[in-house]
Amino acid sequence: MVANKFVMRFSSAIVDQPIIYKLVKDYDLVINFLKADINPHKEGYVVLELSGDSENYNRGLEYLKSIGVDVAPLSGTICWNPDRCLQCGACASFCPTGALFMTEPDKEVHFDGSKCIVCESCLDVCMARAVEVRF
Amino acid sequence: MVVEKSYDEINEKIKKGKAVVVTAEEIIDIVKEKGVEKAAREVDVVTTGTFGTMCSSGAFLNFGHAKPRIKMNRAYLNGVPAYAGIAAVDAYIGATALPESDPENRVYPGRFLYGGGHVIEDLVAGKPVKLEASGYGTDCYPRRHIETWITLEEINDAVLFNPRNAYQNYGAAVNTSDKTIYTYMGVLSPHLGNVSYSTSGQLSPLLNDPCYQTTGVGTRIFLGGGIGYVAWHGTQHSPTVSRGENKVPLDGAGTLALIGDLKQMSSEWLRGVSYLGYGASMAVGIGVPIPILNEEILSFTAVTDDEIYAPIIDYSFAYPEREPGNLGRVSYAELRSGTIKLQGKEVMTTPLSSYAKAREIAGILKEWITEGSFLLTEPVHGLPSLDSGITMKTLEEKNNR
Chain A
10 MVANKFVMRF SSAIVDQPII YKLVKDYDLV INFLKADINP HKEGYVVLEL SGDSENYNRG
70 LEYLKSIGVD VAPLSGTICW NPDRCLQCGA CASFCPTGAL FMTEPDKEVH FDGSKCIVCE
130 SCLDVCMARA VEVRF
Chain B
3 MVVEKSYDEI NEKIKKGKAV VVTAEEIIDI VKEKGVEKAA REVDVVTTGT FGTMCSSGAF
63 LNFGHAKPRI KMNRAYLNGV PAYAGIAAVD AYIGATALPE SDPENRVYPG RFLYGGGHVI
123 EDLVAGKPVK LEASGYGTDC YPRRHIETWI TLEEINDAVL FNPRNAYQNY GAAVNTSDKT
183 IYTYMGVLSP HLGNVSYSTS GQLSPLLNDP CYQTTGVGTR IFLGGGIGYV AWHGTQHSPT
243 VSRGENKVPL DGAGTLALIG DLKQMSSEWL RGVSYLGYGA SMAVGIGVPI PILNEEILSF
303 TAVTDDEIYA PIIDYSFAYP EREPGNLGRV SYAELRSGTI KLQGKEVMTT PLSSYAKARE
363 IAGILKEWIT EGSFLLTEPV HGLPSLDSGI TMKTLEEKNN R
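Top line first, the protein sequences correspond to chains A and B. Residue numbers for the first sequence follow my numbering, beginning at 10 and rising by one. Residue numbers for the second sequence follow my numbering, beginning at 3 and rising by one.
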């Protein structure tokens, strides 16, 4: 089994193709969408996790490249510094995936990196600059 | 009232290690369980706490004299301008001051990565801070320029003096426009995308002493991790705003001016902050003890988040245009639940002040008092109260010609 997160950019020429369908049907890959912005007749991008056995995984990636999808590993990582964190919880209200979250009843902020899609919303709202993106 | 205690009686108990001290959160269940009279008899002190951004903060510094001497009329700390229009080597570094090189909002929204609050945090953390100052030269102060490094330990005096802290209640902020706005209440998403709020509610100092019965000039407090005092009522102290039946103000009301020796404070409780598109400031940790002199004082400390209401203010129009009115009121219990209902919509709530840290401060102050190292002081002068007749003045443009 191989599993990795990618940012995939589609040009307007191929955005109408059933690419994800093919990844599932022809390559037996498991796809977990983290973020997507695709408009008909425009460019689009998706952030997703691809997993499957390594042969299918590699063939699937080859297929994507062959039809002109720009595939890049999700390279940035959000780092949360608990010592800088003021524990206000503003980030948790903006985090779309619950990677930054508050626990009850202690009202403390925590970070689960495996849920993070590096949307960087937290960077804008953290007054303490306790989150940063690393490449 | 059946229970009457004096400051002296409570201090005697503190000295003997026999005082019963609880936090403003713990008192809620005690009163529910035992009733007001019994609780007032048993509990001597209730501790409060708050940790959030308080822009009206800063520190007076005295750097000591250089050889030859200089009368500074411009001073910069790590590039951040300090007010030097006082004596030769005195200056005031304000929490929101920005380096002249900061792009501010020219690249919108600005990031405001370093300002006066960060300078204070660095000083308190013991870090060397670069001092650059200039003067015009006088017979007694011939020097015109100095560039050196200072540390908190090496300078004569560093006094935190915050003209307005610990706001008693505050409006919750929303944005009804169709674009994101960047405010001192944080990032506000369009179309009521979120509602931000900033008090510690049932733990907040002045929400537990709504009529200023025990908090006054000279009250000893937890300030920035050390000991401080209430110096005066804060600027914009507005005790006459409308209140609920429980006497809790329904809007921003009382404020405190606070003072304390910066040298015994901690960078854990004085933290530089940066608000995207708004500016730099400082988060300040404050804890005020409330002596339980009688049942009434105790009953006020038992206030709960569902009994404290904040007005919802539109920061895309009403606030900037100084228009009156609000979009309704919401309790802190609702705000803390994560979402509120507003105009038929589920709106996510964004806290700006830390409830966890407020709780921690109330706990530290409780510990100090319980172990006998922190005695209570009786105010030497009360704060202007509900009968003061104070109303907020506005600034009007006048044509002097």
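A virtual CB, placed ideally from N, CA and C, is assigned to each residue, including glycine. Treat the numbers as computed from the prediction; the structure is a model and nothing was measured.
Suppose you measure from the CA of residue i to the CA of residue j; what does that come to, to the nearest Å?
i, j, result
"Leu377/B", "Ile371/B", "7 Å"
"Thr52/B", "Ser355/B", "8 Å"
"Pro291/B", "Gly262/B", "16 Å"
"Lys343/B", "Thr379/B", "43 Å"
"Leu205/B", "Val80/A", "51 Å"
"Asp35/A", "Val134/A", "42 Å"
"Ile72/B", "Asn64/B", "13 Å"
"Thr393/B", "Gly236/B", "14 Å"
"Asp180/B", "Pro192/B", "5 Å"
"Glu123/B", "Met136/A", "14 Å"
"Glu117/A", "Ser202/B", "14 Å"
"Val189/B", "Ala21/B", "44 Å"
"Pro313/B", "Pro130/B", "43 Å"
"Ser200/B", "Ala360/B", "12 Å"
"Phe2/B", "Thr86/A", "Not covered by the structure: residue 2/B. The range shown for chain B is 3 to 403."
"Asp308/B", "Pro105/B", "42 Å"
"Arg43/B", "Val24/B", "13 Å"
"Val286/B", "Pro27/A", "54 Å"
"Gly19/B", "Asp10/B", "14 Å"
"Gly139/B", "Ala68/B", "13 Å"
"Pro326/B", "Val82/B", "36 Å"
"Lys368/B", "Thr217/B", "17 Å"
"Phe19/A", "Ile76/A", "10 Å"
"Val305/B", "Thr106/A", "35 Å"
"Asp92/A", "His120/B", "15 Å"
"Ala97/B", "Ser390/B", "30 Å"
Got a sec? Which residues, its chain only, sit under 6 Å from residue i by beta carbon, not counting five neighbours each side?
i, result
"Pro111/B", "Tyr184, Leu278, Gly279"
"Met267/B", "Val126, Gly226, Gly227, Gly228"
"Ser130/A", "Phe103"
"Asp92/B", "Asn64"
"Lys14/A", "Glu58, Leu83"
"Glu336/B", "Ile342"
"Ser333/B", "Asp308, Tyr311"
What residues in its chain sit with their C-beta under 7 Å from that of residue i, if we drop five residues either side in the sequence?
i, result
"Trp234/B", "Val219, Ala259"
"Val16/A", "Tyr54, Val56, Ala81, Leu83"
"Asn158/B", "Asn64, Gly66"
"Ile294/B", "Lys7, Ala42, Val45, Asp46, Val47, Val48, Leu300"
Where does residue i sit, in a helix, a strand or coil, going by DSSP?
i, result
"Pro144/B", "coil"
"Ile29/A", "helix"
"Glu156/B", "coil"
"Ala99/A", "helix"
"Ala108/A", "coil"
"Arg108/B", "coil"
"Ser318/B", "coil"
"Gly262/B", "strand"
"Leu190/B", "strand"
"Asn171/B", "coil"
"Leu162/B", "strand"
"Leu272/B", "strand"
"Phe302/B", "helix"
"Val33/B", "helix"
"Glu117/A", "strand"
Quick check: is any heavy atom of the ligand MN less than 7 Å from the C-beta of residue i?
i, result
"Ile315/B", "Absence of the ligand MN is noted for the structure shown, with no ligands found whatsoever."
I'd like to confirm the pairing. Which residues does DSSP put opposite residue i in its beta bridges?
i, result
"Asp92/B", "Asn64/B"
"Glu348/B", "Lys343/B"
"Ala312/B", "Val332/B"
"Glu141/A", "Cys88/A"
"Asn41/A", "Glu58/A"
"Asp46/A", "Tyr54/A"
"Asp79/A", "Arg18/A"
"Val131/B", "Ile152/B"
"Arg76/B", "Ser136/B"
"Thr185/B", "Gly188/B"
So which residues of chain D does residue i contact, with C-beta pairs closer than 7 Å?
i, result
"Val189/B", "Here chain D cannot be found, since the structure's protein chains are A and B."
Below 8 Å CB to CB, which residues in the same chain sit around residue i once its five sequence neighbours on both sides are set aside?
i, result
"Gly340/B", "Met350, Thr351"
"Ala364/B", "Thr25, Ala26, Glu27, Thr49, Thr50, Gly51, Leu205, Gly289"
Name the residues in the segment 330 to 351 of chain B whose C-beta lies less than 7 Å from a C-beta of chain A; which are they?
Only those residues of the segment 330 to 351 of chain B whose C-beta falls short of 7 Å from the nearest C-beta of chain A are listed: Met350, Thr351.
According to a CB-to-CB cut-off of less than 8 Å, which residues of the segment 203 to 227 of chain B neighbour chain A?
Those would be none; no residue qualifies.
Closer than 7 Å, Cβ to Cβ, to anything on chain A: give me those residues from the segment 276 to 302 of chain B, in chain order.
Hits within the stretch, in order: Ser276, Tyr277, Leu278, Ala285.
Taking any Cβ of chain A, which residues in the segment 351 to 380 of chain B have a Cβ under 7 Å from it, in chain order?
Per Cβ criterion, the list reads Thr351, Thr352, Pro353, Leu354, Ser355, Ser356, Tyr357, Ala358, Lys359.
If you measure beta-carbon to beta-carbon, which residues of the segment 125 to 136 of chain A are closer than 8 Å to chain B?
Listed in sequence order: Asp133, Val134, Met136.
Positions along the segment 174 to 186 of chain B whose CB lies within less than 7 Å of some CB in chain A:
When C-beta distances to chain A are compared with 7 Å, every residue of the segment 174 to 186 of chain B stays at or above that value.
Near-chain B residues of the segment 92 to 117 of chain A - C-beta to any C-beta below 8 Å
So the list reads Leu95, Gln96, Cys97, Gly98, Ala99, Ser102, Phe103, Asp115, Lys116, Glu117, given in the order they occur along the chain.
Positions along the segment 47 to 59 of chain B whose CB lies within less than 8 Å of some CB in chain A:
Answer set for the segment 47 to 59 of chain B: Phe53, Gly54, Thr55.
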